[in-house]
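Down below is the structure, laid out as structure tokens.
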Ligand SMILES: Cc1ncc(COP(=O)(O)O)c(C=O)c1O
Ligand SMILES: Cc1ncc(COP(=O)(O)O)c(C=O)c1O
């Protein structure tokens, strides 16, 4: 059976070059970079080289790149830094953050912090003005999702960052979905801290980074050995870090080409569906959008059924965020952009990646419309619509 | 050149079977186990199987195994759970913990907790009686290192745990060095929480576990998605988890054989050195000791020089903990067992593993004594000794 | 490997008795859009109170559709009295089990049948003690 | 690949001028055991204040030994005045650099020389203004 993987926002597959680096590293570069012997010293060099590659890719200095176990830890850490190094009880974020930020902020609330969750517009956007109006004397952190993992909306990060700068407030962005998918240069940016993760850019899982600008005072979240200049303990995960670096290197080689290719495929898929299937709508912004993200709500039917039927044709997609499936509520992002429960439940996310080919899009455009139709014919919500149509005949 | 790796307590190399599992997983089992499509569902199965294997290995139930990024995170998490779920301001640990626990406890002190750091005896042991005497009305956690990463001393964990049980106090152990090296059965144990890490047992780096007994209330440390039953967010690191499981499976197959083989090699190395080299002493307990740990202090000389000269003969060892090298103070563990600065600075740790062969030990016994002698002849501290010897002639 | 076993997938991909009955003897709809599943059942019941025909439409996830399908198979041909004895446990057993978080879907079918029978009873002035205390407007258990 | 460059490793593995001088004209020892490095220098100085021979013994890490070795090479044959101009920067340059956390070791050699010259000056009643304010008992910089 054909297997077409359109869940690249949940996780990506390793690029062959990354796999090669990791296999070689697991075999021969798998030592403790803190050790004084030759193996350890080789590891130290490998580590420094990887850190430099990753720093170059995002326009940071090597010492501004701190390794973590992934985007989730990075988000938690960024909030921790604000709590520990700034005086004040107020933080600002949005209603459409990933759970890694949302739940971290909710935890801060339990600890006594005031958190403003800024509402977004119908496209999933917040404005710099909203952020500015939410500021208080005691605001210590502004954290805004760069690219939305569900609906793909890309926030006006630098505009928001300018507000943060103007008021001298720490500015963090969760760029787990954005890195590798938007042009980014931290050497010319208002971002103070940035979370990103290897497994979203064809690198391994379990490794990520928090960029902490050198002007920001770091503070450890995970205490331990002297790794990461004492700010994040734990034996350096060299094979994964080397895979992460390779993934960054590859992403940096042809970022513009990657973006334009995916954008073309994405728009072909979006418009192909909107043309072929009635009663559906695109979620997220039509153009301020991650290049690989397609999120469409289909009226009258429920997302998991669509997934299952697609799965039977070999197409792997998701409904809402991969992280929220398993819960019964529709995703907080879809509710956040003001969808009704019905429309929110009927959402389908297909996220494209570098392994996606144009023929895959054609295949989806062939298979999806009859599936939607079949499910609608099973739906009690569609009866009235059918009657209307029949009446019109 | 011969390369003999005797730094297995810093990190181990992958067993070939683990490498095979990981390569296969990186290629074909690298999906998001939270996704609803077939790939995700396969991942969910893989994840459940791995969790079960690991649980079996330590005598836990699968739901008591929570995945983390390693031993360091597990230690941090265990303390967090005590803080968040228990009322009280006092914790008990030892002066010889790994930095992952030591620095976490010091952080707790900054937050206002009282921490008792129990002193150890000359072998690095604390007693159940010491723990009992340190108890207060408001003690919320007892955390004791199972097997010492520097000097190898194995603590009387179950005796201490019995005290914890009798007083109904949460009991954690950092078993990062002990797991796979001591007989362990959590189904018949006083341990409430236990940290362990894959890369110390021939598995990958960047993955570990906190065992949380089902009678203990968990509390999230890293907030995010619904992974680990909502208690630890972050996309499941399936390839590493599968490698971890394979490592546990292999360790479980012949634990007794592994222990007895290493113990024999260890004792051969210890006695061989003590016989051949004057003015040196074994650090740690002669028998209550991790099977692969050799730690010896050589008078008159400094550890790093020994390491460097050994390294030139192809022998990789460490001086004190790998994590503390880079700092100038002698290790807190060696100071903790009461060594003078001089003796502490002259310590050499050689940690054996499953890849260590008897001929490696013979090679070390051949190469080490002349190195010690050469370095001593360079040392101003040895002059008096030399004069004494010459005088005696 | 999918989320569900083969039987569930079969009933999801090839649901039995989908559709509606014109001028049904009873119709019932339960569930609500917030929870993400709604089921509607149509019944044709003869003079001997035998459920001669049954059709359903369901908005919901795979297990909701499969539960609906298998429930209609269990119900068809039974008397109303017999059918009212069918519980979500029967649905679960017939399906060979559902994931824990999906078990509530099997309740939906039980409730939808009751709602349809209640409609029938109301129209015909009959009384079924099995329906005492049943209120189709109440949110089904979650 | 080792912690140190080839030159450092060469001076560590084959240190020049290790040992002691019988009845030296000056001896100095600096450093302390807490910090993990101690260096002792022996000097033979002729009537023209030329350092004719120099020997050292060092307790310490690789860079301490290498710094000692290279320093003795720099010092040997120089007049006391010239030798006192040698700083840890010269030692570092000659070694081709040390890891940042090891730079303090190069200071050790500079200090040990001063201590040995001070001993010589004390014995011979000479005065070197380069030594004004120098106290070998003070902990060397870290
Ligand atoms: C006793 C002990 N605890 C904790 C750790 C930290 O484990 P990890 O490197 O997996 O974070 C180590 C090893 O470095 C250790 O030996
Ligand atoms: C926007 C966003 N933030 C954070 C995360 C968490 O990243 P990780 O899985 O590396 O912990 C994800 C992905 O799951 C994400 O999409």
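Protein chains in written order, with the numbering used here: chain A, 1 to 393; chain B, 1 to 393; chain C, 1 to 142; chain D, 1 to 142. For each residue, glycine too, the CB sits at the ideal point set by N, CA and C.
Between ligand 1 and the CB of residue 332 (chain B), the shortest heavy atom gap is not smaller than 7 angstroms. Per the Cβ contact rule, the stretch 65 to 79 of chain B is not in contact with the stretch 332 to 352 of chain A (fewer than 3 Cβ pairs under 8 angstroms). About 6 angstroms separates the beta carbons of residue 32 (chain A) and residue 235 (chain A), which is inside the 8 angstroms limit, making them a contact pair. Among the residues facing chain B, residue 223 (chain A) is included, as its CB has a counterpart in that chain under 8 angstroms away. The beta carbons of residue 105 (chain C) and residue 67 (chain C) sit closer together than 8 angstroms. Taking the C-beta atoms as reference points, residue 27 (chain D) is found nearer than 8 angstroms to residue 42 (chain D).
Chain A has a Cβ within less than 8 angstroms of the Cβ of residue 61 (chain C).
The C-beta of residue 38 (chain D) comes closer than 8 angstroms to at least one C-beta of chain B. Residue 340 (chain A) sits in coil when the DSSP states are folded into three classes, being neither helix nor strand. About 20 angstroms separates the CB atoms of residue 125 (chain B) and residue 91 (chain B); that is not less than 8 angstroms, and the two are not in contact. Residue state for residue 303 (chain B) is assigned as helix, using DSSP reduced to three classes.
In this structure, residue 306 (chain A) sits away from residue 367 (chain A), with a CB-CB distance that is not shorter than 8 angstroms. For residue 99 (chain B), there are no neighbours in chain D by C-beta distance under 7 angstroms, as the nearest C-beta there is about 17 angstroms away. Below the 9 angstroms Cβ cutoff, chain C contributes no neighbours of residue 16 (chain A), its closest Cβ being approximately 25 angstroms away. Ligand 1 has a heavy atom closer than 7 angstroms to the beta-carbon of residue 98 (chain B). Not one heavy atom of ligand 1 is found less than 7 angstroms from the C-beta of residue 30 (chain A). Within 10 angstroms of the beta-carbon of residue 65 (chain C) lie 16 or more other beta-carbons, which makes it buried. Here residue 23 (chain B) carries a helix assignment [DSSP, helix/strand/coil]. For the set C:33, C:18, C:62 and C:37, the Cα lying nearest the Cα of residue 53 (chain C) is the one of C:18.
Looking at the DSSP output, residue 68 (chain B) shares a beta bridge with B:208.
Between residue 243 (chain B) and residue 291 (chain B), the CB-CB gap reaches or exceeds 8 angstroms.
Here residue 50 (chain B) has 241, 242 and 245 as same chain residues with Cβ atoms under 6 angstroms from its own Cβ, once five neighbours each way along the sequence are excluded. The shortest CA-to-CA distance from residue 19 (chain B) to any of B:164, B:198, B:101 and B:253 is the one to B:198. Distance between residue 124 (chain D) and residue 33 (chain D), taken at the CA atoms: about 30 angstroms. Unbroken beta strand (DSSP E) stretches of 3 residues or longer found wholly inside the stretch 196 to 255 of chain A: 208 to 212, given in chain order. Excluding five sequence positions before and after residue 5 (chain A), the CB atoms of its chain that fall closer than 6 angstroms to its own CB belong to 316, given in chain order.
Take residue 26 (chain B), set aside five residues on each side of it, and the residues of its chain with a beta-carbon closer than 7 angstroms to its own are 239, in chain order. For the stretch 35 to 97 of chain B, the full-length alpha helix (DSSP H) segments reaching 4 residues or more read 38 to 58 and 71 to 85 along the chain. Boundaries of the alpha helix (DSSP H) around residue 105 (chain A): 99 to 110.
Judged by DSSP in its simplified three-state form, residue 388 (chain B) adopts helix. Nearest Cα to residue 196 (chain A) within the set A:168, A:248 and A:233: A:248. In terms of beta-carbon proximity, residue 72 (chain D) stays away from the interface with chain B, with every pair separated by 8 angstroms or more. Scanning the stretch 342 to 388 of chain B for uninterrupted alpha helix (DSSP H) segments of 4 residues or longer gives 358 to 377, listed from N- to C-terminal end. Residue 73 (chain A) places its beta carbon less than 8 angstroms from that of residue 222 (chain B). Looking at A:98, A:64, A:122 and A:89, the one whose alpha-carbon comes closest to that of residue 281 (chain A) is A:122. Taking 7 angstroms as the cut-off, one finds no heavy atom of ligand 1 near enough to the beta carbon of residue 126 (chain A).
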